[in-house]
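**Q** Here it is: the structure, laid out below.
There are 2 protein chains.
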Amino acid sequence: MADEALFQFLHNELIQYVYKSAEQGEMENGRCITRLENMGFRVGQGLIERFTKDTARFKDELDVMKFICKDFWTSVFKKQIDNLRTNHQGIYVLQDNKFRLLAQMSGGKQYLEHAPKYLAFSCGLVRGGLSNLGVKSIVTAEVSTMPACKFQIMIQKM
Amino acid sequence: MADEALFQFLHNELIQYVYKSAEQGEMENGRCITRLENMGFRVGQGLIERFTKDTARFKDELDVMKFICKDFWTSVFKKQIDNLRTNHQGIYVLQDNKFRLLAQMSGGKQYLEHAPKYLAFSCGLVRGGLSNLGVKSIVTAEVSTMPACKFQIMIQKM
Numbered sequence: 001m002a003d004e005a006l007f008q009f010l011h012n013e014l015i016q017y018v019y020k021s022a023e024q025g026e027m028e029n030g031r032c033i034t035r036l037e038n039m040g041f042r043v044g045q046g047l048i049e050r051f052t053k054d055t056a057r058f059k060d061e062l063d064v065m066k067f068i069c070k071d072f073w074t075s076v077f078k079k080q081i082d083n084l085r086t087n088h089q090g091i092y093v094l095q096d097n098k099f100r101l102l103a104q105m106s107g108g109k110q111y112l113e114h115a116p117k118y119l120a121f122s123c124g125l126v127r128g129g130l131s132n133l134g135v136k137s138i139v140t141a142e143v144s145t146m147p148a149c150k151f152q153i154m155i156q157k158m
Numbered sequence: 159m160a161d162e163a164l165f166q167f168l169h170n171e172l173i174q175y176v177y178k179s180a181e182q183g184e185m186e187n188g189r190c191i192t193r194l195e196n197m198g199f200r201v202g203q204g205l206i207e208r209f210t211k212d213t214a215r216f217k218d219e220l221d222v223m224k225f226i227c228k229d230f231w232t233s234v235f236k237k238q239i240d241n242l243r244t245n246h247q248g249i250y251v252l253q254d255n256k257f258r259l260l261a262q263m264s265g266g267k268q269y270l271e272h273a274p275k276y277l278a279f280s281c282g283l284v285r286g287g288l289s290n291l292g293v294k295s296i297v298t299a300e301v302s303t304m305p306a307c308k309f310q311i312m313i314q315k316m
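Laid out in structure tokens, this is it:
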């Protein structure tokens, strides 16, 4: 519980800090998102190395995705992904019905516009994790009703 | 282990980000430290509310300090403070012989000059925690040999 709260509070501070420092330099919203995403990327890279230290080699891409949905998600967000879908052509959709970093926010449409900044770091986290497993990707997130959230992963073929 | 790594990686990113954004705006080192300290302060405020939710009322200042050294420290830094000393006039010295956020750094004097930026957040954390328990203080840290570290708390009488 303690560490969980620590991460959440720190994550909130981070967002606030990035947006505050942007105000002074008149940086647009998009660049804040990018910065948060980049931080997530590097944290994801570090984390996945720890998490996979003792796991067996992955069979294929889908196997990697399952690891992200189960082990990785549980470690970071304290629950598994609720639904994983794929078109078998390099697109994966991960649905989390109660995403941890949105769970503290009010439901309804009132704060929907603020959702992207609370998701950017996590998108980076997934992208960084996948990247260190040799899977290059683009990760985006969308929210229709809080605190449910969909992460879309597009694999970049090399 | 997972959450622990998450906090450490995120903490590192935070420091890097604060110092990087300072470079662009030509902010001096002192202000970076202050910003990190302030973030720690707010996180500490939040955390202490969670941690003390079900604890009994504290008897006195020393009782509060013991809570910080044991419960708070264990929750955040995964070990207790090794030594608590006080002059009974409002100064407390908390010694941690293997401080978690310095443990990954090389010992010796090589990186000693970088220690302050890795301690600022934690100083704020303690100050914020104490503040929400009604104890106003100034918290500073010093390192003589890594990864040992001393936190000095000066109580501000109101």
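Residue numbers (the working numbering), protein chains in the order written: chain P, 1 to 158; chain V, 159 to 316.
Just so you know, even glycine gets a beta-carbon here, dropped at the ideal spot from N, CA and C.
Quick caveat, the model's predicted, so the values are computed rather than measured.
Using CA atoms only, rank isn't needed, just tell me which of Glu195(V), Ile311(V) and Ala163(V) is closest to Ile173(V).
**A** Measuring from the Cα of Ile173(V), the nearest candidate turns out to be Glu195(V).
**Q** Does the CB of Phe9(P) have a neighbour CB from chain V at under 9 Å?
**A** By this cut-off, Phe9(P) is an interface position.
**Q** Using a 10 Å radius around the Cβ and a threshold of 16 neighbouring Cβ atoms, would you call Leu159(P) buried or exposed?
**A** Residue 159(P) lies beyond the range of chain P shown here (1 to 158); nothing can be said about it.
**Q** Label Ala141(P) either buried or exposed according to how many other C-beta atoms from any shown protein chain fall within 10 Å of its C-beta, with 16 as the threshold for buried.
**A** It counts as buried.
**Q** Quick check: the stretch 114-131 of chain P against the stretch 32-46 of chain P, are at least 3 beta-carbon pairs closer than 8 Å?
**A** Result yes; three or more Cβ-Cβ pairs closer than 8 Å.
**Q** So is Ile296(V) buried or exposed if we call it buried at 16+ other beta carbons inside 10 Å?
**A** Result: exposed.
**Q** In the DSSP assignment, what are the bridge partners of Gln310(V)?
**A** Gln310(V) pairs with Val251(V) and Thr298(V).
**Q** Going by beta carbon distance, what residues of the same chain come within less than 7 Å of Arg193(V), once the five residues before and after it are set aside?
**A** Val176.
**Q** Please tell me whether Asn29(P) and Ala22(P) are closer than 9 Å, where the distance is taken between their beta carbons.
**A** Cβ atoms of Asn29(P) and Ala22(P): closer than 9 Å.
**Q** Suppose the cutoff is 8 Å on Cβ atoms and the five residues either side in sequence are ignored; what does the same chain contact list for Ser106(P) look like?
**A** Same-chain partners within the cutoff: Met146.
**Q** Would you call the CB atoms of Phe209(V) and Asp229(V) closer than 9 Å?
**A** Yes. Within cutoff.
**Q** At the level of alpha carbons, what is the spacing between Gln314(V) and Lys217(V)?
**A** So the alpha carbons of these two residues sit roughly 18 Å apart.
**Q** Using a Cβ cut-off of 7 Å, pull out every chain V residue sitting near Met39(P), in sequence order please.
**A** Simply Glu171 and Tyr175.
**Q** Can you name the residues of chain V whose CB is closer than 8 Å to the CB of Gly30(P)?
**A** Those do not exist, as Gly30(P) stays about 17 Å from chain V at its closest Cβ, beyond 8 Å.
**Q** Does Ser131(P) have its Cβ less than 9 Å from a Cβ in chain V?
**A** False, the Cβ-Cβ gap to chain V never drops below 9 Å.
**Q** In the stretch 203-215 of chain V, which residues sit with their C-beta less than 8 Å from some C-beta in chain P, listed in chain order?
**A** Residues passing the 8 Å Cβ filter: Gly204, Leu205, Arg208 and Phe209.
**Q** To the nearest angstrom, how far is it from the Cα of Ile68(P) to the Cα of Thr244(V)?
**A** Rounded to the nearest angstrom, the two C-alpha atoms are 48 Å apart.
**Q** Let me check understanding here. Comparing Cα to Cα, which of His114(P), Lys79(P) and Lys109(P) lies closest to Asn97(P)?
**A** Of His114(P), Lys79(P) and Lys109(P), the residue nearest in Cα terms is Lys79(P).
**Q** Using the rule of at least 16 other Cβ atoms within 10 Å of the residue's Cβ for burial, across every protein chain shown, is Arg31(P) buried or exposed?
**A** Result: exposed.
**Q** Quick one: what does DSSP say Arg100(P) is sitting in, helix, strand or coil?
**A** Looking at Arg100(P) - three-state DSSP - the assignment turns out to be coil, as it is neither helix nor strand.
**Q** Between Ser280(V) and chain P, is there a C-beta pair that is closer than 9 Å?
**A** Not an interface residue.
**Q** Under the three-state reduction of DSSP, which class applies to Asn241(V): helix, strand or coil?
**A** In this structure, Asn241(V) counts as strand in the three-state DSSP scheme.
**Q** Nearest to Phe151(P) by CA position, among Leu84(P), Lys53(P), Thr55(P) and Glu113(P), is which residue?
**A** That would be Leu84(P), whose Cα lies nearest to the Cα of Phe151(P).
**Q** Taking the C-alpha atoms as reference points, what is the distance between Gln110(P) and Phe257(V)?
**A** C-alpha separation (whole angstroms): 42 Å.
**Q** Only counting the same chain, and skipping five residues up and downstream in sequence, which positions put a Cβ closer than 6 Å to that of Ala148(P)?
**A** So the qualifying residues of the chain are Asn97.
**Q** Tell me the rounded alpha-carbon separation between Ser336(V) and Ala214(V).
**A** The first residue shown for chain V is 159 and the last is 316, placing residue 336(V) beyond what the model contains.
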